[in-house]
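K.L.:
For reference, the structure I am asking about is given below.
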Amino acid sequence: LPAFVADTLFVDTDRQIATLTFRAIVPVDNDKIVVNVMAGDPDDEETDCAAMATAELDRSVINGSANALPNDYTTELDRSAFREALSMGLPFAPSSDPGRSSAPNTADGALPFRPTPPSRPSVRQISPPPLSPPPPAPPPPAAAPLSPPPPPSSPRPSSPKQAPSVLPPPPPLVTAPLASNSKDALRNELGDRFRKAFGLAAAPEPAAPSPMTTPSSPPPFVPSSPPPFVPSSPPPFVPSSPPLAVLGTKPASDAVPSTSLPGSVRAASDAAAASVVASEARALASMASPLEPKREGSLGAPSFARRAVVDLLSFEPTVPGRLRRSPAHAPVLAAVPPARVHQQVDVAPGEQSAEDRARIDILRVLSCGTPLGTDEINHAFDALLDDPYDFDIPLFLVEGDVKPTMDEVETLRVATELAKPLAGASKRMQAAIAAATEALSRTAPPVPESAITLYKQLESATSEASLPPRHLADLVERTLREARSFKKRTLMGSPRIRADLTIGKITLPLYLPEPAASQLPLLPAFPLVALVELRPREDASEQNAAALVALALGRVLRSRK
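The sequence shown begins at 5 in my numbering and counts up one residue at a time.
This is the structure in structure tokens:
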């Protein structure tokens, strides 16, 4: 059977009434049962809240009522179902002494209402009743009047039909205690129930203040000279110049319109402020952005992105001047302003030394220029025939993998010295070593072709020994690189290092300046970018009909993918 459990107890000590709310959970299969417990007489012993305990309804009563229920599923249980629970008791016992006698209704500060004498008029009824029924209250005005309110010290104009012209000041309003809207609504509802229960008349509601309207009587006399204007509140502050963040913006639509009269002091101040704002706006519009400084020599010149990071290894002194006169490389130098470098002591402030400027110009062309292929170099070289004014040999920018070649005679000498400890009892190796030693001991050194043939015989003889493949060749190449025994040719008035440059699928001989020998990395091959001249074959021993002469070169450290 479902058990009724005491849930909420409400005790009213003034009226000696206690209300106890019970709750129960009734399991129902398919039907819905609504249980209504009717309140009885407060004097009835059966419904006394002090003696009421947890009641358990008889299942037969619920089942019988459920079977006899009509379609509305509503029944009323007899209060006798609670008699069995009287003996169980509540967690409190009723007091033996009788309650205090009912006191006359007096004002209680805890209640939100108090009786009002009917003869006392409302404090808000200041003016006498009108002679005729008042018209319906007009809707509140849409906007506040533009004219300022009269000062507090000036008397309020009165209509000739009103009672006295000078009204006494209204009594101070009684400020209600701060409370939320929910508390006020609950207080009003309790007051209404209390008055209905005791048959009291409803307190008259205070008259709502009527909105200020224009009197229907003729306006009071206005003298010809306007009285001095005394504002009720200080005028809004108008800065001489608005902040920079709001210059040129449209004023807000709800801004208060200016009420300054023509020729007044405020109108003159507004005009001066407007002129200052306009002048500052024009000055800001004409100023250039500090984040984008103007660059000299960059007007009308194309912009070039940096293509690679280059380490300049060597260059000839005549290269910077030729680049500035070159139609192909001059735009690259003009597109970028002079770089900021560390100032030297012997150089005037704001100037660069000739060496620093030359180095920066060459690095800019090597890093930002566009390399050419072999076909493009040939077409550009042929185009010089159509220019009758430029007689300088053009400089072409090329990029590829360079492999320095070693001297053939020095290679044979190093291989012979390294093969002697490895010969052992091998007769073939001993014969190859003897032939190489005899060729190197002659007064005239062997020609490059003979030196290469003797070196190949010595390398093939080492295959009979128990050595790893290319053991002798690796030792020879490492020794030659560390000694920087590069193959050199004297061309164009100076000794140059011979190397092979691979551009795409074509390999051309490349001659590097001799001062770059100590700057080259100890690698078999590495990426290189250089400013070269295209020349016909300079050495009869070369198989290729053309050759490249490098006048400035740099190693590519990182290139744009």
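Don't be surprised by glycine CBs; every beta carbon is placed ideally from N, CA and C.
What you are looking at is a predicted structure, and each value in this text was computed from that prediction instead of being measured.
Going straight from the alpha carbon of Leu458 to that of Leu514, what length do you get?
P.N.:
Leu458 and Leu514: Cα-Cα distance of roughly 26 Å.
K.L.:
Just reading off the beta strand (DSSP E) that Pro517 is part of, what are its end residues?
P.N.:
Residues Ile510 to Pro517.
K.L.:
From the DSSP output, which residues share a beta bridge with Met537?
P.N.:
According to the sequence displayed, residue 537 carries Glu and not Met. Glu537 pairs with Val553.
K.L.:
In the DSSP assignment, find the unbroken alpha helix (DSSP H) run with Lys424 in it and report its ends.
P.N.:
Taken as a continuous stretch (DSSP letters only), the alpha helix (DSSP H) holding Lys424 covers Glu412 to Ala427.
K.L.:
Could you check if Glu453 is buried or exposed, using at least 16 other CB atoms within 10 Å of its CB as the buried criterion?
P.N.:
Exposed is the call here.
K.L.:
Assuming Lys491 contacts Glu518 (C-beta within less than 8 Å), just tell me the rounded distance between them.
P.N.:
About 12 Å; that fails the 8 Å criterion.
K.L.:
With distances taken from CA atoms, which of Asp394, Pro324, Arg363 and Thr420 is nearest Leu4?
P.N.:
The chain is shown from 5 up to 565; residue 4 falls before or after that span and cannot be answered.
K.L.:
Look at the alpha carbon of Leu444 and the alpha carbon of Glu537, and state the distance between them as a whole number of angstroms.
P.N.:
Going from the Cα of Leu444 to the Cα of Glu537 covers about 36 Å.
K.L.:
Measuring CB to CB, does Glu463 end up less than 8 Å from Leu476?
P.N.:
For Glu463 and Leu476, yes; Cβs fall inside 8 Å.
K.L.:
Along the alpha helix (DSSP H) that carries Glu542, what are the first and last residues, could you check?
P.N.:
Run containing Glu542: none; DSSP gives neither H nor E here.
K.L.:
Using only alpha-carbon positions, find the residue among Gly404, Gly428 and Leu555 that is nearest to Gly508.
P.N.:
Looking at the Cα atoms, Gly404 is the closest of the given residues.
K.L.:
Whether or not the segment 536-553 and the segment 324-335 are in contact is what I'm after, with contact meaning three or more pairs of Cβ atoms, one per stretch, closer than 8 Å; do they touch?
P.N.:
Output reads no: the segment 536-553 does not touch the segment 324-335.
K.L.:
Near Ala549, which residues of its chain fall below 8 Å by C-beta distance, leaving aside the five closest residues on each side in sequence?
P.N.:
For Ala549, where only same-chain residues beyond five positions count, the Cβ hits under 8 Å are Pro540 and Arg541.
K.L.:
Taking only the alpha-carbon atoms, compute the straight-line gap between Thr12 and Asn192 and give it to the nearest angstrom.
P.N.:
So the alpha carbons of these two residues sit roughly 24 Å apart.
K.L.:
Distance check for Gln523 and Ala384, CA to CA, integer angstroms please.
P.N.:
Cα to Cα, Ala384 sits roughly 31 Å from Gln523.
K.L.:
Does the Cβ of Glu359 have 16 or more other Cβ atoms within 10 Å, making it buried, or fewer, making it exposed?
P.N.:
By the neighbour-count rule (16 or more Cβ atoms within 10 Å), Glu359 is not buried but exposed.
K.L.:
Give every residue of the same chain whose Cβ lies closer than 6 Å to the Cβ of Thr23, excluding the five residues on either side of it in the sequence, and list them in chain order.
P.N.:
Result list for Thr23: Phe14, in chain order.
K.L.:
Let me check understanding here. Comparing Cα to Cα, which of Leu370, Leu316, Arg19 and Ser318 lies closest to Arg624?
P.N.:
The structure shown does not extend to residue 624, since the chain is modelled only from 5 through 565, so no value can be given for it.
K.L.:
Leaving aside the five residues before and after Asp18 along the sequence, list all residues of the same chain whose C-beta is less than 6 Å from its C-beta, in chain order.
P.N.:
Taken in chain order, the list of residues that qualify is empty.
K.L.:
For the beta strand (DSSP E) containing Val402, name the first residue and the last one.
P.N.:
Taken as a continuous stretch (DSSP letters only), the beta strand (DSSP E) holding Val402 covers Phe400 to Pro408.
K.L.:
From Met410, Lys460 and Thr415, pick the residue whose C-alpha is nearest to that of Arg432; which is it?
P.N.:
When only C-alpha atoms are compared, the closest one is Lys460.
K.L.:
Consult DSSP for Val15 and reduce its assignment to one of helix, strand or coil.
P.N.:
In the structure shown, Val15 sits in a strand (DSSP, three-state: E or B).
K.L.:
Less than 7 Å separating the Cβ of Leu426 from some heavy atom of the ligand MN?
P.N.:
As presented, the structure is devoid of all ligands, the ligand MN included, so that no description of it is given.
K.L.:
Cα separation between Leu505 and Arg564?
P.N.:
When rounded, the distance between both Cα atoms is 21 Å.
K.L.:
Would you say Ala435 and Thr466 are within 8 Å of each other, going by their C-beta atoms?
P.N.:
No, the Cβ-Cβ distance between Ala435 and Thr466 is not below 8 Å.
K.L.:
Just reading off the alpha helix (DSSP H) that Ile364 is part of, what are its end residues?
P.N.:
From DSSP, the alpha helix (DSSP H) with Ile364 extends over Ala358 to Cys372.
K.L.:
On the CB-based measure, 16 or more other CB atoms within 10 Å of its CB, does Asp391 come out buried or exposed?
P.N.:
Under this definition Asp391 is an exposed residue.
K.L.:
Just list the residues that DSSP pairs Leu316 with in beta bridges.
P.N.:
Bridge partners of Leu316: Gly558.
K.L.:
Can you give me the C-alpha to C-alpha distance between Lys407 and Phe530, rounded to a whole angstrom?
P.N.:
Their backbone Cα atoms lie some 7 Å apart in a straight line.
K.L.:
Is the beta carbon of Asp315 closer than 8 Å to that of Arg568?
P.N.:
Examination of residue 568 is not possible in this model, given that the chain is present from 5 through 565 alone.
K.L.:
Would you grab the beta carbon distance between Val323 and Leu535 for me? Rounded to a whole angstrom, and I think it's under 8 Å.
P.N.:
Right, the Cβ-Cβ distance comes to about 6 Å (below 8 Å), so this counts as a contact.
K.L.:
Which word fits Arg417, buried or exposed, when buried means at least 16 other C-beta atoms lie within 10 angstroms of its C-beta?
P.N.:
So Arg417 counts as buried.
K.L.:
Use the C-beta contact count for Glu88: other C-beta atoms within 10 angstroms, 16 or more gives buried, fewer gives exposed.
P.N.:
A caution first: Glu88 carries a pLDDT of 49, below 50, which makes its placement in the model too unreliable to give a value.
K.L.:
In whole angstroms, what separates the C-alpha of Ile364 from that of Arg488?
P.N.:
So the two alpha carbons sit approximately 29 Å from each other.
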